[in-house]
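Q:
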Amino acid sequence: MAPAMNTRTDELFRYRELAHQKARILRSIVLRDLPRLAAAIGSGPEDSDAELKVAVTFRNDSEGDVWAVGTAAGRLALVCQGCAERVGHALEIEFAVCVVDSDQRAAELQDRDVMVVEGEGLSLTDLIEDELLLQLPERLCTAQPCERSLQLAYPAAADRPFQGLESLKAALRSESGGREEE
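Under this note's numbering, think of the first position of the sequence shown as 2, with each following residue one higher.
Following this line, the structure appears as structure tokens:
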């Protein structure tokens with residue numbers, strides 16, 4: 002296996018050559034380099050330096066297709082859907098993506114996770130960003146309902162939640178001299 006490479010985040014990789022060499026890329030990617038992910042999680046300027054550690058190995062399968070297999074891990078502040086508050090979340094994903102250069106080949110590989118790229122170059126940040134977006138958790142809070150959300154339960158004695166409206170209506174009637182307003 003070729004030695005690990007630590008490279009700039011914006012360059013394109015010749016993925017076929019990397020697969021032939023069985024190369025492994027180790028990288029730290031900051032959130033500001035992943036604008037679609039940053040928008041999806043509602044990150045602010047204070048989050049732009051949040052860092053993800055990435056490791057990707059390239060290889061060929063028996064059919065000659067290129068695979069990018071790897072992991073990404075880091076701690077990001079995500080918005081909880083239960084309470085709408087930002088929650089620190091340790092995000093750890095694993096992925097295996099078949100990299101192809103045509104929509105036709107992608108259609109032939111329907112049972113695989115596929116990324117179509119134009120030409121010989123693959124953007125590692127695009128690959129990682131796609132995989133992170135696909136694997137964002139649906140629910141951050143494991144407690145049901147979320148422990149930070151507003152409590153919507155009525156006290157046990159309040160078996161008539163609209164009882165307050167009856168007393169308000171009675172008070173209004175007494176102020177108007179007992180006449181019912183239509």
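Each residue gets a CB set at the ideal place from its N, CA and C atoms; glycine is no exception.
Please read these numbers as outputs of a predicted model, since none were measured by experiment.
1. Compare the C-alpha of L134 against each of E95, R113, S168, A108 and name the closest.
2. Looking at the secondary structure, which residues open and close the alpha helix (DSSP H) in which S168 lies?
3. Tell me, which residues are paired with T58 by DSSP?
4. Is it the case that the region 38-47 contacts the region 71-89, given that we only count it when at least three CB pairs across the two stretches are under 8 Å?
5. In terms of alpha-carbon separation, which member of S29, E119, C84 lies closest to D102?
6. Provide the residue span of the alpha helix (DSSP H) that contains L1, from first to last.
7. Whole angstroms is fine: what's the gap from R58's alpha carbon to E121's?
8. List the endpoints of the continuous alpha helix (DSSP H) containing R1.
9. Give the DSSP bridge partners of E93, in chain order.
A: In brief:
1. As a working mapping, residue 134 is identified with position 133 in the sequence shown. Among E95, R113, S168, A108, the Cα nearest to that of L134 is on E95.
2. Your numbering for residue 168 matches position 167 in the sequence shown. Start and end: 164-176.
3. The residue given as residue 58 occupies position 57 in the sequence shown. DSSP lists R25, V70 as partners of T58.
4. yes
5. Residue numbering aside, residue 102 sits at position 101 when the sequence shown is read from its first letter. Residue nearest to D102 within the set S29, E119, C84 is E119 (criterion: CA-CA distance).
6. Since the displayed the chain opens at 2 and closes at 183, residue 1 lies outside it and no answer follows.
7. Within the sequence shown, numbered from 1, the residue matching residue 58 stands at position 57. Within the sequence shown, numbered from 1, the residue matching residue 121 stands at position 120. Reading off the sequence shown, one finds Thr at residue 58, where the question assumed Arg. Going by the C-alpha atoms only, they are around 17 Å apart.
8. The chain is shown only over 2 to 183; residue 1 falls outside these bounds and no answer can be derived.
9. Start at 1 with the first residue of the sequence shown, and residue 93 comes out as number 92. The partner list for E93 (beta bridge, DSSP) reads A74.
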